[in-house]
Structures are given as structure tokens and as C-alpha cells.
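At position 10 of the sequence shown the residue is numbered 10 (this note's numbering), and the sequence of numbers has no breaks. No residue lacks a Cβ here, since even glycine has one placed at the ideal position from N, Cα and C. All of these numbers come straight from a predicted model, not from anything done at the bench. All remarks here apply to the structure that follows.
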Amino acid sequence: MSFNNNRFGILTNWKHALFLRRVETPNRKTLEYFLLELNRDGRPLSMLKAVVGMVLLAENDWFYASPTPSSVPDGQLFGTTLPAYKKRREAVAVAHEYDMRPINGAYPCQAIDFRIIRFDLSSARRGANGCTVFLSGFRWDCDIPVVCKVVDALQYPDAADYLESEARVYAALRDLQGKVIPKLYGFYQVWGILKLLALEDVGEAISENEEISQGLRDKMRAALWRIHDAGYIHGDIARRNFCMKKNGDVFLVDFETCRLSVDPLELVDEMEQVDML
């Protein structure tokens, strides 16, 4: 097992989990611990919550069980040797070079080596069933800002289903990626526990306090019209789901409730919702 630089650790056999914390007293350094059953009352503990400090929100610097900081334990990073570089390239190749293509109208959920998943912890924002977080160093050959939508598939299978549904929408609207919806770089799973969509960063959401000019509203309507023209309804018209890049381009995000339209009138109603924001 190992510790992160928040000085917390987890040791588990998947039936019980031992949560540990480094503490310092006036005369010594020691560990506090708490033992927890993972399957008590028949409901498994959320592994996203259990390992949030170790995996998703862990800092990049790792520690051994000793309270003294040391070098990164074997296996946590690829290293800088030629064999390590080759292994990293192999892992990137398995991840479809971060340019995943749909197969039969859907993105496959590809297992990805956790060593090429490096989250920018300061950007993490928790949601009801998961979080969004930026990735750092996503592409080995260039610096591309990437936003991940992450869910705990074990604890929240419904949320994982929504994520898969959203991935199917991105596949159906692939021609709009990079234009009015984010580009999808990949649909991945880590250890069979976490599922994530790696998406293009399309700027900041329109603030609830911002006055929407007519020019901006026209861009919002134009972006939504492209989705309607493809036969889909977004399903959640809100300021938080319209993002604007620094160059002024407007994108729609969050397609968990997006679906094929069954009635032209619902497209009209949804477009009118933009005017009410």
C-alpha cells in the first residue's frame, strides 16, 4: 500500500478496509486507523468515496507507509527510461491515441492504464454521483486541456448507465464535435471501478449573474439549432450547460438527458427556453 501527500492511506482485502492517517505527537510519529466492513447491510461502500484521496484526488507525490517522504513507489509512474517510454506509448495506443472512434454507432468503454491518468486536483468539482476534473499531460506530444466526467460505476450503476448513454449521443453527434459540442477524446474505465468521458475543454459556463446580450443569445440558439437539426433534443436547457471559449464560440455540454426528438413542437419549446435564460 502507499500514502499520498495528504497523509492518508487505505489497505483493503475488498471485504474490509483499513483507513490510515499519519499523525505527529510531541514525542513521536504514528498512525491512526479505522476499520470498516465494505459490504455491511448488503450495500457496498462507494469505492470512489473510499479511494478519493488515493486515486482521484491524490496528489502527484506518493509516499511509502513510513512517515518520511521518499521517491515514487515502483509502478506508480512509467519512469524516464527507454523501456518505460515504450510502455507508456503502448498504454497510449491502447487508449486509441486519445482519438477514439465510434464502433457501430457507439464508443467502446476502453480500459486505460491509470498511470496515464493524471488529474489536476485543484479543478475537481463534485456532483451528485461523481465529479468533473481536468487532466494534466493528457497528450504526450502536446498540451491539450481535457475535462473528465467521472463516475463510480460500482456504487452508482445508474450514473454509469447515464454516462454510457451520453457517450452514445456523442457518437451520434460526432459531426458536431469541436463545433458546437465538445470533442470526445475517449470513453474509459479504470480498474472496473471508475468510468470517465475525456472531453475537450470548451471554456467557462455562462454565469447565472451575467447579462446575456442579444449576440450571445443568438450564438446559444445557433448551437442548439445544430443539435435540433440533427434530430436531437438536449433535454436540460440551463446556463451551466452553455459554455463559451475565449474566442467567443459557444458550446453545449452535458448530454445525459439528450435524446432523439419525437415531436417537432418539443424542439420549438426547447428553443424558447433559451430566450428565458
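Query raised in the report: Buried or exposed: Q155, going by 16 or more other Cβ atoms within 10 Å of its Cβ?
Result: buried
**Report entry** Cβ distance (whole Å) where A159 is taken to contact V151 below 8 Å
**Finding:** 4 Å
**Report entry** Sufficient close CB pairs (3 or more, under 8 Å) joining the segment 200-210 to the segment 225-235
**Finding:** no
Requested in this report: Compare the Cα-Cα distances from V146 to each of I112, R217, Y162, Y185 and report the closest residue.
Outcome: Y185
Report task. Determine, using beta carbons only, whether Y98 and A167 come nearer to each other than 9 Å. Result -> no
Query raised in the report: Under a Cβ-count criterion, where at least 16 other Cβ atoms within 10 Å of its own Cβ denotes burial, should I283 be classed as buried or exposed?
Result: As shown, the chain starts at 1 and ends at 277. That puts residue 283 outside it, with no answer to give.
Report task. Below 8 Å on the Cβ atoms is my guess for I181 versus A153; work out the distance and round it to an integer in Å. Result -> Not confirmed; about 23 Å, so no contact.
Query raised in the report: For E208, which three-state DSSP category applies?
Result: coil
Report task. Answer yes or no: do L163 and L196 have a C-beta to C-beta separation smaller than 9 Å? Result -> yes
**Report entry** Alpha-carbon spacing of H16 relative to F34, whole angstroms
**Finding:** 10 Å
Query raised in the report: If you draw a straight line from the alpha carbon of R259 to that of D113, how long is it in whole angstroms?
Result: 32 Å
Report task. Classify D254 as buried or exposed, calling it buried when 16 or more other Cβ atoms lie within 10 Å of its own Cβ. Result -> buried
Query raised in the report: Who are the Cβ neighbours of A171 in its own chain at under 6 Å, not counting the five residues just before and after it?
Result: P102, G105, A106, Y107
Query raised in the report: Mind checking K183: buried by the 16 CB within 10 Å criterion, or exposed?
Result: buried
Query raised in the report: With distances taken between CB atoms, is the gap from Q189 to C109 smaller than 9 Å?
Result: yes
Query raised in the report: Out of curiosity, what's the CA-to-CA distance linking G9 and R21?
Result: 6 Å
Query raised in the report: Name the DSSP bridge partner or partners of V250?
Result: M244
**Report entry** Member of R125, R226, K86 whose CA lies at the smallest distance from the CA of K179
**Finding:** R226
Requested in this report: Find out if the Cβ-Cβ distance for the pair N241, A205 is shorter than 9 Å.
Outcome: yes
Requested in this report: Note down the Cα distance separating M220 from F187, rounded to an integer number of angstroms.
Outcome: 27 Å
Query raised in the report: Rounded to a whole number of angstroms, what is the C-alpha to C-alpha distance between R125 and D175?
Result: 29 Å
Query raised in the report: Any idea which residues DSSP pairs H16 with across the strands?
Result: E37
Query raised in the report: Given a threshold of 16 other Cβ atoms within 10 Å of its Cβ, counted over all protein chains shown, does A238 qualify as buried or as exposed?
Result: exposed
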